[in-house]
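For reference, the structure is listed below as structure tokens.
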Amino acid sequence: MTSAHGPAAPAASSAGAAAPTLAFVESPVQLLNVLEWAHGAGGGTATIVVLSPTDPMTRGQLRRMAELARGEGHTVRWEEAREGALAPLHTIGGLSRLLRRAARVVIGDPFSRYVQLLLTLSRARDIVVVDDGTATMEFIAQLAGGERLVRWHRRGGRPGPRDLVFAPFSAAARRRLTPRPTRTVSVFSSMPVNAPEGVSVTENDFTWTRTRFGPPRITKGADLVGTSLVETGVVDPDHYLEAVRTLAKTHGATRYFAHRRESTPKLHRLAVETGLEIVRPDLPLELIARRGPIGHRILSFPSTVVHTLPLALAGTGVEVAVCDIDRSWLTANASPRAEGFLSGVTGTARGVHRLQSVRVA
Numbered sequence: 001m002t003s004a005h006g007p008a009a010p011a012a013s014s015a016g017a018a019a020p021t022l023a024f025v026e027s028p029v030q031l032l033n034v035l036e037w038a039h040g041a042g043g044g045t046a047t048i049v050v051l052s053p054t055d056p057m058t059r060g061q062l063r064r065m066a067e068l069a070r071g072e073g074h075t076v077r078w079e080e081a082r083e084g085a086l087a088p089l090h091t092i093g094g095l096s097r098l099l100r101r102a103a104r105v106v107i108g109d110p111f112s113r114y115v116q117l118l119l120t121l122s123r124a125r126d127i128v129v130v131d132d133g134t135a136t137m138e139f140i141a142q143l144a145g146g147e148r149l150v151r152w153h154r155r156g157g158r159p160g161p162r163d164l165v166f167a168p169f170s171a172a173a174r175r176r177l178t179p180r181p182t183r184t185v186s187v188f189s190s191m192p193v194n195a196p197e198g199v200s201v202t203e204n205d206f207t208w209t210r211t212r213f214g215p216p217r218i219t220k221g222a223d224l225v226g227t228s229l230v231e232t233g234v235v236d237p238d239h240y241l242e243a244v245r246t247l248a249k250t251h252g253a254t255r256y257f258a259h260r261r262e263s264t265p266k267l268h269r270l271a272v273e274t275g276l277e278i279v280r281p282d283l284p285l286e287l288i289a290r291r292g293p294i295g296h297r298i299l300s301f302p303s304t305v306v307h308t309l310p311l312a313l314a315g316t317g318v319e320v321a322v323c324d325i326d327r328s329w330l331t332a333n334a335s336p337r338a339e340g341f342l343s344g345v346t347g348t349a350r351g352v353h354r355l356q357s358v359r360v361a
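Start counting the sequence shown at 1; every next residue gets the next number (the UniProt record's numbering).
If you want it as structure tokens, here you go:
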């Protein structure tokens, strides 16, 4: 049975009249990090609002994460926030009461236009930003530099018409994310961040994940982690495929854990041309790896997992190895900041083995 907010939840998980802590998430990783925050730094339970995307893989993982969140005692409210032109108005109208009552707002993506708009409507005096992966590093850098909030792979391009229309709301949200005497702003992150003055940082060491799952069974083989850098227009698909093939052959990898945003045609081509078994995880990779079985070595390109997997797999003996993105792999449309940002993701990762960039024809 379903409701306007997704699958019917037990009575204890229906949205209550009060919401001292209100969390907004749009991805499985964001929801995972809300659970980590609540288990450690946050304490207590929250009303978690899922602003559901349209991508089927992301929605599937979010459904599974929502089940885990309810099992931890949190209220989960599922919003079909992008289902038709009027969906945003219905979603925002339905959330207005919760927004007015929330003493604390937790967000997973400060770059999201949806979240930025909701922030401008909130009266909360305590705002927490939990990890949305490597984007958190860019958010902190832009907040410290007084810059407008723009995703790293879009920087360098001219603002489009929608950017210009939304600019006042984005600026207002940025002001809400700036600490004031009457408002605190904090970050809960496993990323290496240097927060600006007034913003406190609490380290996310994945205690909830390690407590809830594992330890995993470790296999003799190696696993390779996929990335959506092709889908975001940063890396050329032919160069990416050849790099994956070379890595798999060199290190004996047999499985490829796909990123939830990787396209089906690309994954089919990878399977045919590399012989790798393509795995579509139903949960964030940190939980999949912790649950096992997992290879004794995990190979990755620069991404969030080179920071999170060493924490989630601490004490298991699994090695995480990262391969740099060579400049020649970048597309002509890649942001001017792409190379430096990706290099920084790799260079700041702790507890990983750094591989030389793969040479491709």
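A virtual CB, placed ideally from N, CA and C, is assigned to each residue, including glycine.
Which of the three DSSP states is assigned to residue i in this structure?
i: Leu35; result: helix
i: residue 366; result: Here the chain comprises residues numbered 1 to 361, so residue 366 is not present and cannot be evaluated.
i: Val150; result: coil
i: Ile92; result: helix
i: Glu72; result: coil
i: Asp131; result: coil
i: His353; result: strand
i: Arg260; result: coil
i: Ile298; result: strand
i: Glu286; result: helix
i: Leu270; result: helix
i: Ala141; result: helix
i: Glu83; result: coil
i: Ala253; result: strand
i: Ala124; result: coil
Rounding to the nearest angstrom, what Cα-Cα distance links residue i and residue j in this structure?
i: Ile48; j: Arg350; result: 31 Å
i: Val244; j: Gly198; result: 43 Å
i: Arg337; j: Ala87; result: 34 Å
i: residue 362; j: Arg290; result: Past the edges of the chain, shown from 1 to 361, lies residue 362, and the structure says nothing about it.
i: Phe188; j: Ala334; result: 29 Å
i: Ala258; j: Met137; result: 23 Å
i: His74; j: Leu51; result: 16 Å
i: Pro196; j: Glu203; result: 16 Å
i: Arg101; j: Arg212; result: 31 Å
i: Arg174; j: Val34; result: 21 Å
i: Gly352; j: Thr250; result: The question names Gly, but residue 352 in the sequence shown is Val. Distance between the alpha carbons of Val352 and Thr250: 18 Å.
i: Thr346; j: Arg97; result: 43 Å
i: Ile218; j: Glu72; result: 27 Å
i: Leu117; j: Gly252; result: 47 Å
i: Leu89; j: Thr45; result: 27 Å
i: Val76; j: Ala69; result: 7 Å
i: Gly145; j: Glu339; result: 20 Å
i: residue 381; j: Thr246; result: Here the chain has residues from 1 to 361 only, and residue 381 is not among them.
i: Ala4; j: Ile92; result: Residue placement at Ala4 cannot be trusted, given a pLDDT of 37 that sits under 50; the coordinates are not used to answer.
i: Ser27; j: Asp223; result: 23 Å
i: Leu283; j: Ser122; result: 30 Å
i: Ser13; j: Tyr240; result: For Ser13, the predicted model reports a pLDDT of 38, less than 50, meaning its position is unreliable and no value from the coordinates is stated.
To which residues of the same chain is residue i closer than 6 Å at the C-beta, ignoring the five residues directly before and after it?
i: Lys220; result: none
i: Phe139; result: Pro110
i: Gly40; result: Thr207
i: Leu31; result: Val25 and Met65
i: Arg104; result: Thr21, Ala124 and Asp126
i: Val305; result: Val225 and Leu285
Excluding sequence positions up to five away, which residues of its chain have a Cβ less than 8 Å from the Cβ of residue i?
i: Gln142; result: Arg148, Leu149 and Val150
i: Gly344; result: Met137
What residues in its chain sit with their C-beta under 7 Å from that of residue i, if we drop five residues either side in the sequence?
i: Pro179; result: Val185, Gly198 and Val199
i: Thr254; result: Gly221, Leu276 and Glu277
i: Glu262; result: Gly226, Ser228 and Glu231
Counting contacts by CB-CB distance shorter than 9 Å, is residue i in contact with chain C?
i: Arg82; result: Structure shown: chain C not included; a single protein chain is present.
| field | Cβ pair count under 8 Å reaching 3, the segment 224-242 against the segment 286-306 | value | yes
| query | Does the segment 184-193 touch the segment 112-130, meaning 3 or more C-beta pairs lie closer than 8 Å? | reply | yes
| message | As an exercise, report each continuous beta strand (DSSP E) stretch of at least 3 residues that is fully enclosed by the segment 164-195, in chain order. | response | 184-189
| task | Evaluate contact between the segment 280-295 and the segment 54-67, counting only Cβ atoms and requiring at least three cross-stretch pairs below 8 Å. | result | yes
| request: Could you name each continuous alpha helix (DSSP H) segment of 4 residues or more that falls completely within the segment 301-347, going from the start of the chain to the end? | output: 305-312 and 338-347
| Completely contained alpha helix (DSSP H) runs for the segment 197-226, where each covers 4 or more residues | 207-212
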